Amino acid sequence: MSYPDLQSFLAALERDGDLARISAPVDPHLEVTGIVQRVVREQGPALLFEHPTRGRLPLAINVFGTQRRMAKALGVESLDEIGERIGELLKPELPRGLSGFKDALGKAAQLRNVPPRRVKTAPCHEVVARGDDIDLVGLLPGIKAWPDDGGVFLNLGLTHTKHPVTGARNLGMYRLQLQDERTVSLHWQIHKDSTSHAAEAERRGERLPVAIAFGCPPAVTYSASAPLPPEIDEYLFAGFVGQERIEMVDCVSVPLQVPAAAQVVLEGWVEPGQRLPEGPFGDHTGFYTPVEPFPFVKVDVVTMRSDAIYQSIIVGRPPQEDGPIGKATERIFLPLIRTIIPEIVDYDLPEAGVFHNCVIVSIEKRYPKQAQKVMNAVWGAGLLSLSKLVVVVDADCDVHDYAEVAWRAFGNVDYAHDALHTIGPVDHLDHGAYEQFYGGKLGIDATRKLPGEGYRRGWPTECVLDASTQELVDRRWKEYFRR
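So this is what it looks like as structure tokens:
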């Protein structure tokens, strides 16, 4: 099982010696970034700053900063375990693809206690502040991570909205700029579901209710970042991931529900047509994103636990804490990708490519130009559509061994024949594209070439030692070192 709240997870990390408490005062203005950068690069522990110099709450950070901690947060030894459970659901009798996953989750909901459960009372309602009593600047140790950031940002907040017509809810993870004591900007990118909710409300001239929860149960926090299609409820998915129902409670002032175990919840409304400048912000690309107008929420109510801890994250040039979160998505969603593109053996989303710029795919190649077919399929698969570079290798290549992949991509390619160039959507934050939201894409076929692909020379045989020689050397090697 995963952990019911942030406190229980931090306690488990502390028992493992994987949590460091910092009692000395530390400034969320740049100083926290400097400390976290060093700890992340050394694969160090989660951090709990007990006395930040801004805000009244302790600050937990680097909580998901290693793949081992990320797996522990979701209650598994290996992230692949969750992917394997998804694979078990996606049996041949179910429809393939994302619609099949929705049906599979419905099937799981009938077999396990995974749907969210509504409760009437909740820890997150132990303290309530309203109106002019709200002071987010004084309460939250929000971080200014980089020198040219436009201000303090409240990262790792889970934003709840619902569609004004259908009532379908969405849980998303968006960056949040603290504008003043009661105002928070919402960086709703063009490809995100909350953007469509806000657009529909604005078209109807209606305000949109918003609730932002910080420090939720780990399975919920992860699910907010997962690239789920709109028809799949994030809380159903969180229950499946954690194998335990998520308790939800009605908000105090808006018609939404939030996790009962959340640390802090901000409730308010987005008014139609109103915008504020947001940014600049040092983002996960490693560069500052420019100032743009975005909607904002005026916070009317703040609810919180009496023992609340503020959880945040720092993003920037990899490696960062969001790396293991991205790797969790890579491993968990592999079975889904295989239902859409069945010839895929494995794939890797390099952290250096901030997970959406590059996809390395291995395939069981059976016919000419199959690699190009796979490239186009990747560019048509959910948020993988934002990928700019797709490298396709044969099944015997370990996609996680970047030296092996580079050897194939550098040596097995004739760029006059094996490169596919196209144009398509790119991430909102992509500064490399000449136009915002779309740009060039490249596919590289690093597989062995077939005669049917126009390769007439006869593909060469790779030079490797035979198994008997390897065994002999292994035995002699051990004998040598036993002397």
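The sequence shown runs 203 to 685 under this note's numbering. Even glycine gets a Cβ: it sits at the ideal position worked out from N, Cα and C. This structure is a prediction, so every number in the text was calculated from the model and none was measured.
Measure how close the beta-carbons of residue i and residue j come, nearest whole angstrom, since I'm counting them as under 8 Å.
i, j, result
"alanine 597", "valine 547", "5 Å"
"valine 499", "valine 330", "Rounded, the Cβ-Cβ distance is 17 Å, inconsistent with contact."
"alanine 413", "cysteine 453", "5 Å"
"valine 367", "proline 411", "About 14 Å; that fails the 8 Å criterion."
Near residue i, what residues of its chain come up, given a Cβ to Cβ distance below 6 Å and the 5 sequence neighbours on each side ignored?
i, result
"glutamate 383", "Asp337, Leu338 and Val339"
"cysteine 226", "Residue identity differs from the one stated: residue 226 is alanine in this sequence, not cysteine. So no residue of the chain qualifies."
"glycine 346", "Glycine is not the amino acid found at residue 346; the sequence shown has lysine there. Hits under 6 Å: His231 and Val354."
"phenylalanine 251", "Ile224, Val228 and Leu261"
"valine 592", "Val561, Met577, Val580 and Gly645"
"leucine 281", "Ala273, Ala530 and Arg533"
Quick check: what's the CA-CA separation for residue i versus residue j?
i, j, result
"glutamine 312", "phenylalanine 442", "Below a pLDDT of 50, predicted positions are generally treated as unreliable, and glutamine 312, at 46, falls in that range; the measurement from the model is reported next regardless. Approximately 11 Å, taken between the alpha carbons."
"histidine 393", "aspartate 668", "51 Å"
"leucine 221", "glycine 359", "21 Å"
"serine 398", "isoleucine 224", "41 Å"
"tyrosine 617", "proline 653", "17 Å"
"proline 662", "alanine 611", "16 Å"
"glycine 285", "glutamine 476", "41 Å"
"histidine 253", "valine 228", "7 Å"
"proline 349", "proline 544", "46 Å"
"glycine 277", "arginine 678", "43 Å"
"glutamine 672", "tyrosine 682", "15 Å"
"leucine 378", "arginine 540", "34 Å"
"tyrosine 437", "valine 666", "50 Å"
"proline 174", "valine 501", "No information on residue 174 is available, as it lies outside the stretch 203 to 685 that the chain covers here."
"lysine 590", "glycine 642", "7 Å"
"arginine 320", "arginine 270", "31 Å"
"histidine 630", "glutamate 408", "26 Å"
"valine 265", "threonine 487", "21 Å"
"phenylalanine 211", "aspartate 218", "11 Å"
"tryptophan 609", "glutamine 239", "31 Å"
"aspartate 335", "alanine 635", "45 Å"
"glutamate 469", "arginine 332", "10 Å"
"alanine 428", "tyrosine 569", "33 Å"
Who are the Cβ neighbours of residue i in its own chain at under 8 Å, not counting the five residues just before and after it?
i, result
"serine 396", "Thr361, Thr363, Asn372, Gly374, Tyr376, Leu388 and Trp390"
"glutamine 209", "Asp509 and Ile511"
"proline 537", "Gly285, Glu286, Ile288, Gly289 and Leu292"
"valine 713", "This structure cannot settle anything about residue 713, because the visible part of the chain is limited to 203 through 685."
"proline 521", "Val242, Arg243 and Glu553"
With residue i as the anchor, note down where its alpha helix (DSSP H) starts and where it stops.
i, result
"glutamate 480", "From DSSP, glutamate 480 is part of no alpha helix (DSSP H) but of the beta strand (DSSP E) over 478-480."
"asparagine 578", "572-580"
"tyrosine 549", "No alpha helix (DSSP H) holds tyrosine 549; the beta strand (DSSP E) holding it covers 546-550."
"valine 242", "233-243"
"serine 587", "Unbroken run through serine 587: none, as it is neither H nor E."
"valine 422", "420-427"
Looking only at its own chain, which residues have a Cβ that is under 7 Å from the Cβ of residue i, when we skip the five neighbours before and after it?
i, result
"threonine 268", "Gln245 and Pro526"
"tyrosine 657", "Lys651"
"lysine 571", "Glu655"
"proline 627", "Ser587, Leu588, Phe639 and Tyr640"
How is the beta strand (DSSP E) around residue i delimited, first residue to last?
i, result
"tyrosine 640", "640-647"
"alanine 415", "410-416"
"phenylalanine 498", "498-506"
Say whether the region 639-653 touches the region 560-579, bearing in mind that this needs 3 or more beta-carbon pairs closer than 8 Å, one atom from each stretch. yes
Should the region 317-326 be regarded as contacting the region 462-471, the criterion being three or more beta carbon pairs within less than 8 Å? yes
How about the region 553-570 and the region 590-604: do they share at least three Cβ pairs that are nearer than 8 Å? yes
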